[in-house]
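The working numbering runs 1 ahead of the 1-based position in the sequence shown. Built from N, CA and C at the ideal position, the CB exists for glycine as well. None of these values were measured; they are calculated from a predicted model.
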Amino acid sequence: MTAPKKIINFSRFKPHSALKKNGIVWARYVFTGIDAISGTEQLFFIELEMLNASLSPDESVLGFKSRTSISEDDLQYALAGTEAALNLRAESIVTPSYVAVRAGTFGTKPKQICGYYSLKDTAGGFRPSPITVGNCSFDDGRLSGSLSCTAKERASHPEYFCDAGEVSWELRCEIQKQFSAGYKRSTEQWIPAGVRAAFSGSITLDGREYSVLPKKSYGYIDAHFLRTFPAPYFHISSSNLTSRISGKALFNSSFTVQGIFESSLSLALELEDTDIALEAKKRGASEKILWDCTEMPADEEGERLHWSVSADTKKWVIDIDIVCHTSKLFVRNIELPEGNRKVMKLLSGGSGTGEIKLYRRIGKSLEIIEDAHVAFALCEFGQAEEGEI
(Lines of atoms letter the chains of each structure in order from A and count residues from 1; the text may use other names and numbers.)
(Lines give C-alpha, C1' and ligand atoms only; values in the text may rest on other atoms or scores of the structure.)
Protein backbone atom coordinates (compact mmCIF):
# COMPACT_ATOMS: atom_id res chain seq x y z
CA MET A 1 0.00 0.00 0.00
CA THR A 2 1.33 3.43 -0.95
CA ALA A 3 0.18 7.03 -1.07
CA PRO A 4 -0.46 7.91 -4.73
CA LYS A 5 1.41 10.96 -6.00
CA LYS A 6 -1.81 12.09 -7.65
CA ILE A 7 -5.26 11.87 -6.07
CA ILE A 8 -7.39 9.27 -7.86
CA ASN A 9 -11.06 10.14 -8.26
CA PHE A 10 -13.37 7.84 -6.32
CA SER A 11 -15.09 6.85 -9.57
CA ARG A 12 -11.85 5.15 -10.68
CA PHE A 13 -12.24 2.52 -7.96
CA LYS A 14 -14.37 -0.31 -9.35
CA PRO A 15 -15.42 -3.56 -7.67
CA HIS A 16 -14.78 -6.94 -9.28
CA SER A 17 -17.72 -8.36 -11.22
CA ALA A 18 -17.58 -11.51 -9.08
CA LEU A 19 -19.11 -9.49 -6.22
CA LYS A 20 -22.26 -8.62 -8.17
CA LYS A 21 -24.14 -11.71 -6.99
CA ASN A 22 -22.03 -12.71 -4.03
CA GLY A 23 -20.49 -9.87 -2.11
CA ILE A 24 -20.67 -6.39 -0.73
CA VAL A 25 -19.71 -2.98 -2.10
CA TRP A 26 -19.76 -0.51 0.78
CA ALA A 27 -18.62 3.09 0.36
CA ARG A 28 -18.82 5.42 3.33
CA TYR A 29 -18.32 9.09 3.94
CA VAL A 30 -17.72 10.40 7.48
CA PHE A 31 -17.51 14.08 8.44
CA THR A 32 -18.10 16.56 11.26
CA GLY A 33 -21.01 18.98 11.25
CA ILE A 34 -21.49 22.04 13.46
CA ASP A 35 -24.93 22.71 14.96
CA ALA A 36 -26.14 25.99 13.48
CA ILE A 37 -27.79 26.94 16.80
CA SER A 38 -25.56 25.62 19.60
CA GLY A 39 -22.23 25.42 17.76
CA THR A 40 -21.57 21.89 19.03
CA GLU A 41 -19.71 19.45 16.78
CA GLN A 42 -21.15 16.10 15.76
CA LEU A 43 -19.89 13.26 13.56
CA PHE A 44 -22.13 12.14 10.68
CA PHE A 45 -22.00 9.33 8.12
CA ILE A 46 -23.44 8.65 4.69
CA GLU A 47 -23.14 5.17 3.18
CA LEU A 48 -23.84 3.48 -0.12
CA GLU A 49 -24.10 -0.31 0.00
CA MET A 50 -24.62 -2.88 -2.74
CA LEU A 51 -25.36 -6.30 -1.26
CA ASN A 52 -25.52 -9.19 -3.76
CA ALA A 53 -27.01 -6.50 -5.97
CA SER A 54 -27.33 -8.52 -9.20
CA LEU A 55 -28.88 -11.55 -7.52
CA SER A 56 -32.31 -9.88 -7.68
CA PRO A 57 -31.73 -6.86 -9.96
CA ASP A 58 -35.43 -6.01 -10.44
CA GLU A 59 -36.53 -6.13 -6.81
CA SER A 60 -34.88 -5.34 -3.49
CA VAL A 61 -34.88 -8.42 -1.27
CA LEU A 62 -34.29 -7.97 2.48
CA GLY A 63 -33.24 -11.13 4.24
CA PHE A 64 -35.12 -10.34 7.44
CA LYS A 65 -38.47 -9.62 5.83
CA SER A 66 -41.06 -12.19 6.96
CA ARG A 67 -42.08 -14.52 4.14
CA THR A 68 -44.48 -17.39 4.71
CA SER A 69 -43.54 -20.72 3.17
CA ILE A 70 -46.74 -22.57 4.12
CA SER A 71 -48.82 -23.79 1.19
CA GLU A 72 -52.56 -24.46 1.20
CA ASP A 73 -51.88 -28.19 1.69
CA ASP A 74 -49.52 -27.41 4.57
CA LEU A 75 -52.26 -25.36 6.20
CA GLN A 76 -54.68 -28.27 5.99
CA TYR A 77 -52.09 -30.58 7.58
CA ALA A 78 -51.63 -28.11 10.41
CA LEU A 79 -55.38 -27.76 10.99
CA ALA A 80 -55.77 -31.53 11.02
CA GLY A 81 -52.92 -31.96 13.47
CA THR A 82 -51.16 -34.58 11.33
CA GLU A 83 -47.56 -35.70 11.85
CA ALA A 84 -46.52 -33.84 8.69
CA ALA A 85 -47.45 -30.59 10.38
CA LEU A 86 -44.56 -31.02 12.80
CA ASN A 87 -42.07 -30.50 9.96
CA LEU A 88 -43.55 -27.27 8.65
CA ARG A 89 -41.44 -24.12 8.54
CA ALA A 90 -43.36 -20.94 9.19
CA GLU A 91 -40.95 -18.81 7.19
CA SER A 92 -38.65 -19.16 4.22
CA ILE A 93 -35.08 -17.88 4.43
CA VAL A 94 -33.83 -15.90 1.44
CA THR A 95 -30.49 -14.46 0.39
CA PRO A 96 -30.59 -10.64 0.51
CA SER A 97 -30.13 -8.55 -2.63
CA TYR A 98 -30.42 -4.78 -2.67
CA VAL A 99 -28.82 -1.37 -2.91
CA ALA A 100 -29.01 0.63 0.33
CA VAL A 101 -28.32 4.22 1.31
CA ARG A 102 -27.85 5.01 4.99
CA ALA A 103 -27.22 8.31 6.72
CA GLY A 104 -27.07 9.28 10.35
CA THR A 105 -25.01 10.35 13.31
CA PHE A 106 -23.08 8.94 16.25
CA GLY A 107 -23.05 10.11 19.86
CA THR A 108 -25.41 9.96 22.85
CA LYS A 109 -28.42 10.15 20.52
CA PRO A 110 -27.31 8.02 17.58
CA LYS A 111 -29.53 7.49 14.58
CA GLN A 112 -29.43 5.90 11.15
CA ILE A 113 -32.07 6.34 8.45
CA CYS A 114 -32.10 3.87 5.56
CA GLY A 115 -33.47 3.49 2.06
CA TYR A 116 -33.53 0.23 0.09
CA TYR A 117 -33.60 -0.08 -3.69
CA SER A 118 -33.05 -2.61 -6.46
CA LEU A 119 -30.10 -2.41 -8.83
CA LYS A 120 -32.61 -1.57 -11.56
CA ASP A 121 -33.58 1.56 -9.60
CA THR A 122 -30.02 2.90 -9.72
CA ALA A 123 -28.44 4.97 -12.48
CA GLY A 124 -24.73 4.36 -12.90
CA GLY A 125 -24.38 0.59 -12.68
CA PHE A 126 -22.35 -1.56 -10.33
CA ARG A 127 -19.95 1.01 -8.86
CA PRO A 128 -19.76 3.36 -5.86
CA SER A 129 -19.49 6.56 -7.96
CA PRO A 130 -20.89 8.25 -9.99
CA ILE A 131 -24.29 6.80 -9.21
CA THR A 132 -27.82 7.92 -8.43
CA VAL A 133 -30.01 5.85 -6.10
CA GLY A 134 -33.54 7.13 -5.61
CA ASN A 135 -33.03 10.84 -4.96
CA CYS A 136 -29.51 10.31 -3.59
CA SER A 137 -26.51 11.15 -5.76
CA PHE A 138 -22.88 10.06 -5.25
CA ASP A 139 -20.37 11.71 -7.55
CA ASP A 140 -16.73 12.78 -7.49
CA GLY A 141 -16.73 15.90 -5.38
CA ARG A 142 -20.47 16.02 -4.63
CA LEU A 143 -23.01 14.22 -2.44
CA SER A 144 -26.70 15.07 -2.25
CA GLY A 145 -29.88 13.35 -1.16
CA SER A 146 -32.52 12.77 1.48
CA LEU A 147 -34.01 9.84 3.41
CA SER A 148 -37.00 9.51 5.70
CA CYS A 149 -38.76 6.87 7.76
CA THR A 150 -41.93 7.41 9.80
CA ALA A 151 -42.51 5.86 13.20
CA LYS A 152 -45.25 3.73 11.63
CA GLU A 153 -42.92 2.46 8.90
CA ARG A 154 -40.26 1.65 11.47
CA ALA A 155 -42.73 -0.35 13.57
CA SER A 156 -44.07 -2.19 10.50
CA HIS A 157 -40.65 -2.96 9.03
CA PRO A 158 -38.12 -4.00 11.69
CA GLU A 159 -36.13 -5.63 8.87
CA TYR A 160 -35.06 -2.13 7.76
CA PHE A 161 -32.79 -1.80 10.84
CA CYS A 162 -33.75 1.86 10.63
CA ASP A 163 -34.70 4.66 13.01
CA ALA A 164 -37.61 7.02 12.49
CA GLY A 165 -36.65 10.46 11.23
CA GLU A 166 -35.62 12.61 8.30
CA VAL A 167 -32.19 13.51 6.98
CA SER A 168 -31.05 15.51 3.95
CA TRP A 169 -27.66 16.68 2.75
CA GLU A 170 -25.97 18.82 0.13
CA LEU A 171 -22.21 18.45 0.27
CA ARG A 172 -19.02 18.99 -1.68
CA CYS A 173 -15.98 16.90 -0.86
CA GLU A 174 -12.31 16.96 -1.79
CA ILE A 175 -9.96 14.06 -1.12
CA GLN A 176 -6.72 15.48 0.28
CA LYS A 177 -4.89 12.27 1.19
CA GLN A 178 -5.39 8.70 0.06
CA PHE A 179 -3.63 5.37 0.00
CA SER A 180 -3.88 2.47 -2.43
CA ALA A 181 -5.57 -0.79 -1.45
CA GLY A 182 -4.91 -1.61 2.18
CA TYR A 183 -6.10 -5.13 1.55
CA LYS A 184 -6.20 -6.83 -1.82
CA ARG A 185 -6.93 -10.29 -3.12
CA SER A 186 -7.94 -11.47 -6.58
CA THR A 187 -11.53 -10.21 -6.28
CA GLU A 188 -11.51 -8.28 -2.99
CA GLN A 189 -10.20 -4.91 -1.80
CA TRP A 190 -10.41 -2.47 1.05
CA ILE A 191 -9.38 1.00 -0.12
CA PRO A 192 -8.66 3.97 2.19
CA ALA A 193 -9.65 6.33 -0.61
CA GLY A 194 -9.74 9.46 1.54
CA VAL A 195 -7.99 9.16 4.90
CA ARG A 196 -8.18 12.95 4.97
CA ALA A 197 -10.98 14.69 3.10
CA ALA A 198 -12.51 18.17 3.24
CA PHE A 199 -16.32 18.39 3.18
CA SER A 200 -18.39 21.54 2.82
CA GLY A 201 -22.11 22.26 2.75
CA SER A 202 -24.81 21.23 5.18
CA ILE A 203 -26.72 18.28 6.58
CA THR A 204 -30.14 18.51 8.23
CA LEU A 205 -31.30 15.86 10.69
CA ASP A 206 -34.88 15.94 12.01
CA GLY A 207 -35.18 19.62 11.12
CA ARG A 208 -31.91 20.66 12.78
CA GLU A 209 -29.28 22.03 10.41
CA TYR A 210 -25.56 21.41 10.74
CA SER A 211 -22.96 23.38 8.82
CA VAL A 212 -20.04 21.46 7.34
CA LEU A 213 -16.87 23.54 6.99
CA PRO A 214 -13.81 22.30 5.06
CA LYS A 215 -11.22 23.01 7.77
CA LYS A 216 -13.39 21.56 10.54
CA SER A 217 -15.02 18.66 8.72
CA TYR A 218 -12.22 16.14 9.43
CA GLY A 219 -13.58 13.98 6.63
CA TYR A 220 -12.93 10.33 5.92
CA ILE A 221 -13.81 8.10 2.93
CA ASP A 222 -13.19 4.41 2.35
CA ALA A 223 -14.56 1.54 0.26
CA HIS A 224 -15.05 -2.17 0.95
CA PHE A 225 -15.23 -4.48 -2.07
CA LEU A 226 -15.47 -7.84 -0.30
CA ARG A 227 -17.17 -11.25 -0.24
CA THR A 228 -18.31 -10.45 3.28
CA PHE A 229 -17.40 -8.19 6.18
CA PRO A 230 -14.17 -8.84 8.09
CA ALA A 231 -14.86 -10.70 11.33
CA PRO A 232 -14.04 -9.58 13.84
CA TYR A 233 -14.49 -6.10 12.40
CA PHE A 234 -11.98 -3.57 13.75
CA HIS A 235 -11.66 0.06 12.69
CA ILE A 236 -10.26 3.33 14.01
CA SER A 237 -9.54 6.53 12.06
CA SER A 238 -9.18 10.27 12.57
CA SER A 239 -7.70 13.38 11.00
CA ASN A 240 -8.28 15.57 14.08
CA LEU A 241 -4.77 15.47 15.54
CA THR A 242 -2.87 17.91 17.76
CA SER A 243 0.82 17.55 18.61
CA ARG A 244 1.55 17.01 22.29
CA ILE A 245 5.12 18.09 21.57
CA SER A 246 4.52 21.45 19.87
CA GLY A 247 0.92 22.06 20.90
CA LYS A 248 0.02 22.80 17.26
CA ALA A 249 -2.80 21.32 15.22
CA LEU A 250 -1.51 18.79 12.69
CA PHE A 251 -3.52 19.80 9.64
CA ASN A 252 -1.69 17.43 7.29
CA SER A 253 -2.03 14.34 9.44
CA SER A 254 -4.43 11.40 9.60
CA PHE A 255 -4.56 7.66 10.13
CA THR A 256 -6.80 4.67 9.58
CA VAL A 257 -6.63 1.08 10.81
CA GLN A 258 -8.88 -1.62 9.34
CA GLY A 259 -9.32 -5.37 9.72
CA ILE A 260 -9.35 -8.13 10.52
CA PHE A 261 -8.18 -9.50 7.14
CA GLU A 262 -6.80 -13.03 7.34
CA SER A 263 -5.65 -12.47 10.94
CA SER A 264 -3.99 -9.18 9.99
CA LEU A 265 -4.62 -5.44 10.07
CA SER A 266 -4.08 -2.70 7.52
CA LEU A 267 -2.66 0.61 8.74
CA ALA A 268 -2.20 3.87 6.84
CA LEU A 269 -0.67 6.90 8.56
CA GLU A 270 0.44 10.39 7.60
CA LEU A 271 2.07 12.64 10.17
CA GLU A 272 2.89 15.89 8.38
CA ASP A 273 5.83 14.87 6.11
CA THR A 274 5.89 11.18 7.05
CA ASP A 275 3.80 8.52 5.27
CA ILE A 276 3.63 4.94 6.53
CA ALA A 277 1.49 2.25 4.92
CA LEU A 278 1.21 -1.33 6.15
CA GLU A 279 -0.97 -3.58 4.01
CA ALA A 280 -2.90 -6.43 5.60
CA LYS A 281 -0.93 -9.56 4.77
CA LYS A 282 1.03 -12.40 6.31
CA ARG A 283 3.98 -10.82 8.13
CA GLY A 284 7.49 -12.00 8.84
CA ALA A 285 9.16 -12.05 12.24
CA SER A 286 10.58 -8.54 11.70
CA GLU A 287 7.15 -6.93 11.28
CA LYS A 288 4.05 -7.31 13.41
CA ILE A 289 0.83 -5.51 14.26
CA LEU A 290 -0.98 -6.26 17.51
CA TRP A 291 -4.48 -5.07 18.28
CA ASP A 292 -7.17 -5.31 20.93
CA CYS A 293 -10.57 -3.94 21.88
CA THR A 294 -11.28 -4.28 25.59
CA GLU A 295 -13.45 -2.88 28.36
CA MET A 296 -11.90 -0.36 30.72
CA PRO A 297 -12.85 0.57 34.27
CA ALA A 298 -15.60 3.17 34.38
CA ASP A 299 -14.78 6.83 35.01
CA GLU A 300 -17.10 9.69 36.00
CA GLU A 301 -18.81 9.45 32.60
CA GLY A 302 -19.38 5.70 32.76
CA GLU A 303 -18.04 2.57 31.11
CA ARG A 304 -15.45 2.76 28.31
CA LEU A 305 -14.06 0.67 25.49
CA HIS A 306 -10.38 0.82 24.56
CA TRP A 307 -9.08 0.29 21.01
CA SER A 308 -5.32 -0.33 20.89
CA VAL A 309 -2.90 -0.96 18.03
CA SER A 310 0.86 -1.50 18.18
CA ALA A 311 2.83 -1.79 14.93
CA ASP A 312 6.48 -2.80 14.93
CA THR A 313 8.64 -2.76 11.76
CA LYS A 314 12.35 -2.56 10.97
CA LYS A 315 12.09 1.24 10.74
CA TRP A 316 9.06 2.31 12.79
CA VAL A 317 7.12 1.70 15.98
CA ILE A 318 3.54 3.00 16.08
CA ASP A 319 1.30 2.97 19.16
CA ILE A 320 -2.36 3.99 18.96
CA ASP A 321 -4.75 4.13 21.93
CA ILE A 322 -8.35 5.30 21.53
CA VAL A 323 -11.10 5.31 24.17
CA CYS A 324 -14.83 5.81 23.68
CA HIS A 325 -17.57 5.77 26.33
CA THR A 326 -20.09 3.00 25.81
CA SER A 327 -22.93 5.50 26.30
CA LYS A 328 -21.80 7.10 23.01
CA LEU A 329 -21.56 3.85 21.05
CA PHE A 330 -24.15 3.03 18.42
CA VAL A 331 -25.16 -0.64 18.01
CA ARG A 332 -25.78 -1.18 14.29
CA ASN A 333 -27.01 -4.32 12.55
CA ILE A 334 -25.74 -4.72 8.98
CA GLU A 335 -26.95 -7.72 7.01
CA LEU A 336 -24.26 -10.08 5.73
CA PRO A 337 -24.07 -11.18 2.07
CA GLU A 338 -24.25 -14.88 2.96
CA GLY A 339 -27.81 -14.42 4.21
CA ASN A 340 -29.28 -16.98 6.64
CA ARG A 341 -30.33 -13.99 8.72
CA LYS A 342 -26.78 -13.27 9.79
CA VAL A 343 -25.66 -9.74 10.62
CA MET A 344 -22.55 -7.84 11.50
CA LYS A 345 -23.40 -6.42 14.91
CA LEU A 346 -21.28 -3.29 14.89
CA LEU A 347 -20.43 -1.05 17.84
CA SER A 348 -19.73 2.37 16.32
CA GLY A 349 -18.60 5.57 17.99
CA GLY A 350 -17.67 8.97 16.63
CA SER A 351 -16.23 10.61 19.73
CA GLY A 352 -13.15 8.52 20.38
CA THR A 353 -10.21 10.28 22.04
CA GLY A 354 -6.68 9.18 22.73
CA GLU A 355 -3.19 9.39 21.32
CA ILE A 356 -0.92 8.18 18.56
CA LYS A 357 2.85 7.90 18.97
CA LEU A 358 5.39 7.42 16.20
CA TYR A 359 8.97 6.30 16.88
CA ARG A 360 11.88 5.80 14.47
CA ARG A 361 14.33 3.01 15.12
CA ILE A 362 17.96 4.11 15.42
CA GLY A 363 20.03 1.04 16.12
CA LYS A 364 18.64 -0.43 19.33
CA SER A 365 17.11 2.87 20.41
CA LEU A 366 13.83 4.61 19.59
CA GLU A 367 13.55 8.28 18.61
CA ILE A 368 10.12 9.81 19.12
CA ILE A 369 8.94 11.57 15.96
CA GLU A 370 5.49 12.63 17.11
CA ASP A 371 3.15 12.25 20.05
CA ALA A 372 -0.30 13.49 19.07
CA HIS A 373 -3.66 13.82 20.77
CA VAL A 374 -6.53 12.30 18.76
CA ALA A 375 -10.09 13.66 18.84
CA PHE A 376 -13.37 12.70 17.16
CA ALA A 377 -12.02 9.30 16.17
CA LEU A 378 -14.31 6.91 14.37
CA CYS A 379 -14.00 3.67 16.34
CA GLU A 380 -15.80 0.44 15.48
CA PHE A 381 -15.79 -3.17 16.58
CA GLY A 382 -18.11 -5.93 15.43
CA GLN A 383 -18.78 -9.64 15.25
CA ALA A 384 -20.93 -11.76 12.94
CA GLU A 385 -24.04 -12.97 14.75
CA GLU A 386 -27.42 -14.54 14.18
CA GLY A 387 -29.75 -11.59 13.68
CA GLU A 388 -32.84 -10.85 15.73
CA ILE A 389 -35.72 -8.49 14.99
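Query                                                                                                                                                                             : Result
Give a yes or no on whether the C-beta atoms belonging to residue 361 and residue 317 are separated by under 8 Å.                                                                 : yes
Going by beta carbon distance, what residues of the same chain come within less than 8 Å of residue 76, once the five residues before and after it are set aside?                 : With a pLDDT of 46 at residue 76, under the threshold of 50, the modelled position of that residue is not reliable, and no figure is offered here.
Since I believe residue 139 is in contact with residue 49 (beta carbons under 8 Å), could you give me their beta-carbon distance rounded to a whole number of angstroms?          : 6 Å
Helix, strand or coil for residue 106 per DSSP?                                                                                                                                   : strand
Nearest to residue 272 by alpha carbon, out of 282, 145, 194 and 241?                                                                                                             : 241
Apart from the five residues just before and just after residue 175, which ones in its own chain have a Cβ nearer than 7 Å to its Cβ?                                             : 142, 198 and 199
Do you know offhand how far residue 387's Cα is from residue 163's?                                                                                                               : 18 Å
Measuring CB atoms only, is the stretch 328-339 touching the stretch 348-363, in the sense that at least three cross pairs come out at less than 8 Å?                             : yes
By alpha-carbon positions, which one of 28, 167, 223 and 134 ends up nearest to residue 117?                                                                                      : 134
At what residues does the beta strand (DSSP E) containing residue 289 begin and finish?                                                                                           : 289-300
Return the Cβ separation of residue 266 and residue 292 in integer angstroms, given the expectation that the two are a contact with Cβ distance under 8 Å.                        : 6 Å
What three-state label does DSSP hand residue 271 in the structure shown?                                                                                                         : strand
With distance defined between alpha-carbon atoms, name the residue in 258, 248, 10 and 219 nearest to residue 231.                                                                : 258
Given this structure, state the Cα-to-Cα distance separating residue 58 from residue 153, to the nearest angstrom.                                                                : 28 Å
Give the DSSP bridge partners of residue 326, in chain order.                                                                                                                     : 305
Going by C-alpha distance, which of 63, 237, 27 and 213 is nearest residue 382?                                                                                                   : 237
Please classify residue 10: is it buried, with 16 or more other beta-carbons within 10 angstroms of its beta-carbon, or exposed?                                                  : exposed
If I measure Cβ to Cβ from residue 121 and keep anything under 6 Å in the same chain, skipping five residues before and after, which residues do I get?                           : 58 and 59
What would DSSP say about residue 42, mapped onto helix, strand or coil?                                                                                                          : strand
Could you name each continuous beta strand (DSSP E) segment of 3 residues or more that falls completely within the stretch 140-217, going from the start of the chain to the end? : 143-150, 166-178, 190-206 and 209-213
Can you grab the Cα-Cα spacing for the pair residue 71 / residue 63, in whole Å?                                                                                                  : Low per-residue confidence applies at residue 71: pLDDT is 46, beneath 50, and the placement is therefore not dependable enough to give any value.
List the DSSP bridge partners of residue 365.                                                                                                                                     : Residue 365 pairs with nothing; no bridge assigned.
Name the two residues that bound the continuous beta strand (DSSP E) containing residue 223.                                                                                      : 220-227
Kindly confirm or deny that the stretch 275-289 and the stretch 205-216 touch, where touching means at least three C-beta pairs closer than 8 Å.                                  : no
Determine the extent of the beta strand (DSSP E) in which residue 242 is found, giving its start and end residues.                                                                : 241-244
Answer yes or no: the CB of residue 306 versus the heavy atoms of the ligand MG, is any distance below 7 Å?                                                                       : The ligand MG is not part of the structure shown, which contains no ligands of any sort.
Would you mind sorting residue 298 into buried or exposed? The rule is 16 or more other CB atoms within 10 Å of its CB.                                                           : exposed
One question on the structure: do residue 289 and residue 313 come within less than 8 Å of each other, judged by their Cβ atoms?                                                  : yes
Go through its chain and collect everything with a Cβ distance to residue 8's Cβ below 7 Å, but skip five positions before and after it.                                          : 176 and 179
Per DSSP, what kind of secondary structure is residue 20 in: helix, strand or coil?                                                                                               : helix
Applying the criterion that 16 or more other CB atoms from any shown protein chain within 10 Å of the CB defines a buried residue, is residue 364 buried or exposed?              : exposed
State yes or no: is the C-beta of residue 278 within less than 8 Å of the C-beta of residue 2?                                                                                    : yes
What are the boundary residues of the beta strand (DSSP E) that includes residue 29?                                                                                              : 25-36
The beta strand (DSSP E) spanning residue 112 covers which residue range?                                                                                                         : 112-118
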